[in-house]
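>
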Amino acid sequence: TWMPEGLLAADEIGITDLLRSQSVLRRYHEFRARPRGPALVTFDMGRLDHKHGYTLNLPQGATEELLQSAALATQCVTLRRGWRVTAAEDVADGVRATVGDGEGTTHPISARFGLGCDGAGSTRSGVAKMLGVASDFRGELAAAGDTV
């Protein structure tokens, strides 16, 4: 899922229209405790004061292909598969990360911005948690059926 703030990064690298053409555009998100159960909370993305009042959903593999094509088109990127982010932090001029190459060696990386394609587990143990944007929504949900 490309959230509104992530879509600003997509704007920056010029892939928003391509993403939109391959995605399901969603203006509402509902969270339920179980399939077909009552909605615990509904997010109306159109109520955001944001350029992108929606999210874009597409499979992880399609997202990776789009990002890979955009990155390689710059001719400034070396793509390495199988490497893992082991630490990440926001810094004044961008983002700083440490990556492991799968052979026990770690490498520091600094960039003006970074994109996390970490999947649903990111808030529990991935890059989102490292950056402090992870959350346990169970304790923070509005009353059942509220639209946020």
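Each residue of the sequence shown is one higher than the one before, starting from 194 at the first, in the working numbering. Using N, Cα and C, we set each Cβ at its ideal position, and we do this for glycine too.
Where does Glu205 sit, in a helix, a strand or coil, going by DSSP?
As a working note, residue 205 is residue 12 in the sequence shown. Here Glu205 sits in helix by DSSP.
> Round the Cβ separation of Arg209 and Ala203 to the nearest angstrom and send it over; I've been treating them as touching at under 8 Å.
As a first step, residue 209 is located in the sequence shown; it is residue number 16 there, counting from the start. As a first step, residue 203 is located in the sequence shown; it is residue number 10 there, counting from the start. One detail in the question is off: residue 209 reads as Thr in this sequence, not Arg. That belief holds up - the Cβ atoms of Thr209 and Ala203 are roughly 4 Å apart, short of 8 Å.
> What residue does the alpha helix (DSSP H) around Glu257 start on, and which one ends it?
Position 64 of the sequence shown, counted from the start, is the residue given in the question as residue 257. Per DSSP, Glu257 belongs to the alpha helix (DSSP H) from Gln253 to Ala266.
> If you draw a straight line from the alpha carbon of Asn250 to that of Ser216, how long is it in whole angstroms?
Mapped onto the sequence shown, residue 250 falls at position 57. Mapped onto the sequence shown, residue 216 falls at position 23. Answer to the nearest angstrom: the Cα atoms are 5 Å apart.
> Just the C-alpha distance for Arg213 and Leu259, rounded to the nearest angstrom, thanks.
Mapped onto the sequence shown, residue 213 falls at position 20. Mapped onto the sequence shown, residue 259 falls at position 66. About 11 Å.
> Under 8 Å, do Trp276 and Gly297 count as touching if we go by C-beta distance?
The sequence position of residue 276 within the sequence shown is 83, counting from 1. The sequence position of residue 297 within the sequence shown is 104, counting from 1. Between Trp276 and Gly297, the C-beta spacing is not below 8 Å.
> Within 10 Å of its beta-carbon, does Tyr247 have 16 or more other beta-carbons around it, so buried, or fewer, so exposed?
On the sequence shown, residue 247 is found 54 positions in, with the first residue counted as 1. With 16 or more other Cβ atoms within 10 Å, it is buried.
> What are the residues that DSSP puts in a beta bridge with Phe224?
Walking along the sequence shown from the start, residue 224 turns up at place 31. DSSP lists Val234 as partners of Phe224.
> Going by DSSP in three states, Arg289 sits in which element: helix, strand or coil?
Reading the sequence shown from its first residue, position 96 is the one you call residue 289. Strand, per DSSP.
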